[in-house]
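Numbering (my numbering), first residue to last: 286 to 659.
The C-beta atom is built at its ideal place from N, Cα and C for all residues, glycine as well.
For reference, the structure discussed in these notes is given below.
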């Protein structure tokens with residue numbers, strides 16, 4: 286049985302301020318520190334950067350509740366992107382509250398001891414129970430792969446075995462999350478566990494567990510998003526009338542799904558940073574050009590947060606159809622309405638406004654379009 290880990294939301298009501306301080310050896314310029322965080326209480330979020338001086342850096346801000354954040358060190362001073370995504374990046378993903386958090390290490394964030402944060406302590410206990418964070422499991426599978434010989438790394442059987450071991454660990458972790466969520470209805474990390482474990486298809490299993498959570502937790506943005514996701518299991522089922530929405534296009538003009546009634550519309554969720562999305566775009570262009578004169582349209586909803594990146598991707602990939610976004614990233618209101626948790630994702634909406642397909646890509650999409658329009 287999972288031990289009860291309780292993080293009462295009200296316990297952070299004493300102050301609006303948080304600080305994150307780092308003491309990482311004797312690092313100096315050009316080393317830079319970066320932080321990005323999202324206030325899960327609905328208060329927005331922020332990002333910041335600073336030069337590391339004699340191993341020390343400090344970030345401050347305001348929260349309405351608990352935040353999820355990412356911190357990274359650029360040891361070579363090559364910028365934020367390199368600090369986060371380069372091989373061997375020194376980056377950590379944390380939850381924290383209205384606290385004074387301190388990271389102390391001789392050499393890196395990754396090896397730091399964290400003090401001053403009850404939320405971080407709860408996160409550590411939660412990760413231990415479920416078998417590790419996704420980042421830890423990813424690091425482990427990379428180490429598993431690297432343990433092979435040069436010949437093994439070229440062997441498809443070896444690669445499949447590594448992948449199977451990784452997927453088995455993920456499946457075990459997911460079941461432990463379900464267990465943790467059911468046993469901890471007053472814990473913030475009980476909500477985290479359910480949010481990470483439950484997909485749209487899991488609504489029947491997840492709803493009674495979610496209903497048992499405290500009102501404070503249900504009122505958080507994470508609680509609201511999870512409820513929207515579970516609702517989407519019915520809203521976006523095949524045969525259901527597609528949920529209507531309106532968002533701004535690239536020229537900041539309102540575009541509604543309702544305006545496409547009478548046409549076959551692919552509502553396509555994507556983002557400029559999504560490699561599989563970009564890889565599918567040439568096929569979408571081909572299908573659009575083949576069927577646009579037969580009543581086929583594409584309405585792309587971007588989960589970008591940076592407009593320049595969004596527009597640049599549209600231009601580079603040559604996407605001539607309608608594009609909309611509220612530039613809220615994963616908090617895109619249409620994405621939440623449709624229960625989208627990964628991209629690419631798509632819903633094919635018939636001329637009568639009802640959903641006739643979901644998750645169609647490549648040949649599956651091509652065959653469906655030919656079936657309906659040829």
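1. Nearest to residue 498 by alpha carbon, out of 593, 466, 528, 525?
2. How would you call residue 456, buried or exposed, if buried means at least 16 neighbouring beta carbons within 10 angstroms?
3. Taking only three categories from DSSP, how would you classify residue 498?
4. Could you name the residues of the same chain whose beta carbon sits closer than 8 Å to that of residue 346, not counting the 5 residues immediately before and after it, in chain order?
5. With burial defined as no fewer than 16 other Cβ atoms inside 10 Å of the residue's Cβ, what is the status of residue 402: buried or exposed?
6. Could you tell me the alpha carbon to alpha carbon distance between residue 469 and residue 425, rounded to whole angstroms?
7. For the 8 Å Cβ check, are there 3 or more pairs between the region 629-642 and the region 553-563?
8. What three-state label does DSSP hand residue 308 in the structure shown?
9. Closest to residue 410 by CA distance: which of 504, 311, 461 is it?
10. Does the distance from the C-beta atom of residue 380 to that of residue 364 stay below 9 Å?
11. Could you tell me the alpha carbon to alpha carbon distance between residue 648 and residue 528, rounded to whole angstroms?
12. Counting pairs of Cβ atoms below 8 Å between the region 511-521 and the region 479-488, do you hit three or more?
13. Might you give, ordered along the chain, the residues of its own chain that have their beta carbon closer than 7 Å to the beta carbon of residue 370, omitting 5 neighbours on each side?
14. For residue 505, is the classification buried or exposed, using 16 other Cβ atoms within 10 angstroms of its Cβ as the cut-off for buried?
15. Are the beta-carbon atoms of residue 388 and residue 376 separated by less than 9 Å?
16. Could you tell me which of 515, 643, 437, 315 sits nearest to residue 336, measuring between CA atoms?
17. Residue 646: which of 510, 623, 633 sits nearest, CA to CA?
18. Could you tell me whether any non-hydrogen atom of the ligand ZN is closer than 8 Å to the CB of residue 522?
19. For residue 583 and residue 481, I'd like the C-alpha separation in whole angstroms.
20. What first and last residue would you give for the beta strand (DSSP E) that runs through residue 602?
21. Indicate whether at least one CB of chain D lies closer than 9 Å to the CB of residue 589.
22. Tell whether a beta-carbon distance below 9 Å holds between residue 309 and residue 397.
23. Which of the three DSSP states is assigned to residue 523 in this structure?
24. Starting from the Cα of residue 343, find the closest Cα among 559, 311, 307 and give me that residue.
25. Check whether the Cβ atoms of residue 603 and residue 570 sit closer than 9 Å, and answer yes or no.
26. Is DSSP giving residue 606 helix, strand or coil here?
27. Of all the options 592, 623, 637, 574, which has the alpha carbon lying nearest to the alpha carbon of residue 606?
28. Report yes if the CB atom of residue 650 is closer than 9 Å to the CB atom of residue 625, and no otherwise.
29. Exposed or buried, which one is residue 313 when buried takes at least 16 other CB atoms within 10 Å?
30. Going by Cα to Cα distance, which pick from 351, 325, 317, 356 is closest to residue 339?
31. From what residue to what residue does the beta strand (DSSP E) around residue 534 run?
32. Counting along the chain, where does the alpha helix (DSSP H) carrying residue 463 start and finish?
33. Grab the span of the alpha helix (DSSP H) containing residue 384 for me, first residue to last.
34. Measure the C-alpha to C-alpha separation of residue 592 and residue 550 and round it to an integer number of angstroms.
35. How far does the alpha helix (DSSP H) with residue 658 in it extend, from its first residue to its last?
Inspection of the coordinates gives the following:
1. Here the question's residue 498 lines up with position 213 in the chain shown. Ranking the options by Cα distance to residue 498, first place goes to 466.
2. Looking up residue 456 in the chain shown gives position 171. Exposed: under 16 other Cβ atoms inside 10 Å.
3. Position 213 of the chain shown, counted from the start, is the residue given in the question as residue 498. Three-state result, residue 498: coil.
4. Here the question's residue 346 lines up with position 61 in the chain shown. 302, 303, 322, 331, 333, listed in sequence order.
5. Numbered from 1 along the chain shown, position 117 holds the residue referred to as residue 402. By the neighbour-count rule (16 or more Cβ atoms within 10 Å), residue 402 is buried.
6. Residue mapping note: residue 469 aligns to position 184 of the chain shown, counting from 1. Residue mapping note: residue 425 aligns to position 140 of the chain shown, counting from 1. Roughly 28 Å between the two C-alpha positions.
7. yes
8. Counting from one through the chain shown, the residue named residue 308 turns up at place 23. In this structure, residue 308 counts as strand in the three-state DSSP scheme.
9. By one-based count along the chain shown, residue 410 stands at place 125. Here the closest residue by C-alpha is 461.
10. Stepping through the chain shown from its first residue, residue 380 is reached at position 95. Stepping through the chain shown from its first residue, residue 364 is reached at position 79. No. Outside cutoff.
11. In the chain shown, counting from the first residue as 1, residue 648 sits at position 363. In the chain shown, counting from the first residue as 1, residue 528 sits at position 243. Computed Cα separation, rounded: 26 Å.
12. yes
13. By one-based count along the chain shown, residue 370 stands at place 85. Once the five neighbours on either side are set aside, residue 370 has no close Cβ partner at all.
14. For this step, residue 505 is matched to residue 220 along the chain shown. It is buried - the Cβ of residue 505 has at least 16 other Cβ atoms within 10 Å.
15. The residue given as residue 388 occupies position 103 in the chain shown. The residue given as residue 376 occupies position 91 in the chain shown. No, these two residues do not count as a Cβ contact at 9 Å.
16. Locating residue 336 in the chain shown gives position 51, counting from the first residue. Comparing Cα-Cα distances from residue 336 to each of 515, 643, 437, 315, the minimum goes to 315.
17. For the purposes of this step, residue 646 is taken as the residue at position 361 of the chain shown. Nearest C-alpha to residue 646: 633.
18. Absent from the structure shown: the ligand ZN. Ligands present: none.
19. Counted from its first residue, the chain shown places residue 583 at position 298. Counted from its first residue, the chain shown places residue 481 at position 196. Residue 583 and residue 481: Cα-Cα distance of roughly 30 Å.
20. Reading the chain shown from its first residue, position 317 is the one you call residue 602. Element bounds for residue 602: not the beta strand (DSSP E) but the alpha helix (DSSP H), 592-602.
21. Absent here is chain D; the protein component of the structure consists of one chain.
22. For the purposes of this step, residue 309 is taken as residue 24 along the chain shown, with counting starting at 1. For the purposes of this step, residue 397 is taken as residue 112 along the chain shown, with counting starting at 1. Yes, these two residues count as a Cβ contact at 9 Å.
23. Counted from its first residue, the chain shown places residue 523 at position 238. Three-state DSSP puts residue 523 in coil, outside helix and strand.
24. Within the chain shown, numbered from 1, the residue matching residue 343 stands at position 58. Checked all of 559, 311, 307; the closest Cα to residue 343 is 307.
25. Residue 603 sits at position 318 when you count from the first residue of the chain shown. Residue 570 sits at position 285 when you count from the first residue of the chain shown. In contact: residue 603 and residue 570 (Cβ atoms closer than 9 Å).
26. On the chain shown, residue 606 is found 321 positions in, with the first residue counted as 1. Reduced to three states, the DSSP call for residue 606 is coil.
27. Reading the chain shown from its first residue, position 321 is the one you call residue 606. Checking every option, the nearest Cα to that of residue 606 belongs to 574.
28. To locate residue 650, count along the chain shown from 1; it is residue 365. To locate residue 625, count along the chain shown from 1; it is residue 340. Against a cut-off of 9 Å, the Cβ pair of residue 625 and residue 650 comes out as no contact.
29. Sequence index remark: in the chain shown, residue 313 carries index 28 (1-based). Answer is exposed; the Cβ neighbour count stays below 16.
30. By one-based count along the chain shown, residue 339 stands at place 54. Ranking the options by Cα distance to residue 339, first place goes to 317.
31. Here residue 534 refers to the residue found at position 249 of the chain shown. No beta strand (DSSP E) contains residue 534, which DSSP labels as neither H nor E.
32. One-based indexing of the chain shown puts residue 463 at position 178. Where residue 463 is concerned, the enclosing alpha helix (DSSP H) stretches over 441-468.
33. What you label residue 384 is simply residue 99 of the chain shown in a count that begins at 1. Counting along the chain, residue 384 falls outside any alpha helix (DSSP H), and DSSP gives it neither H nor E.
34. As a first step, residue 592 is located in the chain shown; it is residue number 307 there, counting from the start. As a first step, residue 550 is located in the chain shown; it is residue number 265 there, counting from the start. Computed Cα separation, rounded: 24 Å.
35. Reading the chain shown from its first residue, position 373 is the one you call residue 658. Start and end: 647-658.
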